[in-house]
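Take the sequence shown: its position 125, counted from the start at 1, is 118 in this note's numbering, and no numbers get skipped. Just so it is clear, CB atoms sit at the ideal spot from N, CA and C, and this is done for glycine as well. Each remark here refers to the structure printed beneath this line.
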Amino acid sequence: MRRAATALFLSAFGGLGYLFGSSFFQDALSLAYLTLAGALFGLLLDFRWGARLADLLHTLFDQPPDVYLAAGLGVLFALLAGVLLTNLLSQIPGFAWYHSLVLTLLLAFIFGWIAVKSRRLFIHEMPAARRRGGTLLDTSVLIDGRVADVVRLGFLDDALFVPDFVLRELQGLADSPDPASRAKGRRGLKTLAALRDHGLEVLATELGGEVDDALLALAQREGMRILTNDSALLDLAKIYGLKGLSIHALAAALKAPYQPGETLRVRIEKKGKEPGQGVGYLEDGTMVVVENAEARRGSWVEATVTQVIQTPLGKMVFARLKSR
């Protein structure tokens, strides 16, 4: 913008110098001298006002599209009005072409300013680089199939999209002569059919090459996040500054804190419903029922998990005292 401002000063004042010289002199040398003098004068002014003009140009060229459209419409009306007024005023003696030029420029400024200020009355605002948003599903998460249950239960209510190149990859797997690949492809297509009832949309793209590269490019272009079970793709998404989701990570986070056979330490708080049972609680409030621990009430015990049950009120852990 700074160079553009300098070029504008040089060309404008050089042109003024040429116009001034052509009014009094006819020889080429005098016109060249006056043009050079005007350009040098513009260069001197540039050192003082060039930075401000550069900021003004930067502001003018960094506007949303609706501003330019409104300004263009205003200038168009100004040109039409200038032609009509020129035809009317040309009947007045002394009216010259430069009077018409000044009048048209003045009308263009007034009409353009009015159109920009009132653009929302006749032009819908057009935000720059508007993105679609939503979540992209890759091949691995469709083959996995658990995403259909996650969406059905309402844990993922974002807009879901599957690119056409992922669909082609699933079709290729479903038509594969290898039984294992064919089963994966058909399971992925079955997941797609289940997700279509929840608003899944197939995106038509022109992207080719590797599926992972195309998926990253599409997510970056449309401002989407990626749902995948591919750890390498998740790492690449982080490098690209994209948000990646993993069904595997979600399942690990929802997994019961203890599995059968694991050992836990709990304080027996009260007796259980059955004879000999003692009841304690984990830090997150999960109830632990320990067999033959009623006599250990008020003390800490080590127990081996035998069963984990999910109830409407939360998880319950059943255990037995660890043998000494």
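Considering only the alpha carbon of each residue, which of the options lies closest to residue i?
| i | options | result |
| --- | --- | --- |
| residue 94 | 255, 76, 274 and 314 | 76 |
| residue 187 | 88, 142, 164 and 126 | 142 |
| residue 271 | 279, 259 and 286 | 286 |
| residue 267 | 254, 284 and 202 | 284 |
| residue 177 | 162, 189, 243 and 239 | 162 |
| residue 191 | 168, 66, 99 and 145 | 145 |
| residue 280 | 264, 217 and 73 | 264 |
| residue 226 | 131, 110, 66 and 101 | 131 |
| residue 189 | 154, 92 and 85 | 154 |
| residue 159 | 253, 150, 312 and 136 | 136 |
| residue 185 | 205, 169, 164 and 168 | 164 |
| residue 319 | 313, 101 and 91 | Shown here, the chain extends from -6 to 317; a query on residue 319 therefore has no answer. |
What residues are listed by DSSP as bridge partners for residue i?
| i | result |
| --- | --- |
| residue 195 | 155 |
| residue 308 | 303 |
| residue 87 | Residue 87 is not bridged to any residue. |
| residue 271 | 264 and 283 |
| residue 295 | 258 |
| residue 313 | 284 and 297 |
| residue 129 | 154 and 219 |
Measuring CB to CB, does residue i end up less than 8 Å from residue j?
| i | j | result |
| --- | --- | --- |
| residue 129 | residue 212 | yes |
| residue 221 | residue 133 | yes |
| residue 237 | residue 261 | no |
| residue 298 | residue 282 | no |
| residue 166 | residue 181 | yes |
| residue 259 | residue 273 | yes |
| residue 216 | residue 126 | yes |
| residue 294 | residue 251 | no |
| residue 104 | residue 60 | no |
| residue 257 | residue 296 | yes |
| residue 156 | residue 208 | yes |
| residue 71 | residue 109 | no |
At a threshold of 7 Å, does residue i count as lining the ligand ZN (C-beta to nearest heavy atom)?
| i | result |
| --- | --- |
| residue 214 | Ligands in the displayed structure: none, and consequently the ligand ZN is not present. |
field: Contiguous alpha helix (DSSP H) assignments of at least 4 residues, all confined to the stretch 215 to 255
entry: 224 to 232 and 240 to 247
field: Uninterrupted beta strand (DSSP E) stretches inside the stretch 141 to 188 (no shorter than 3 residues)
entry: 153 to 156
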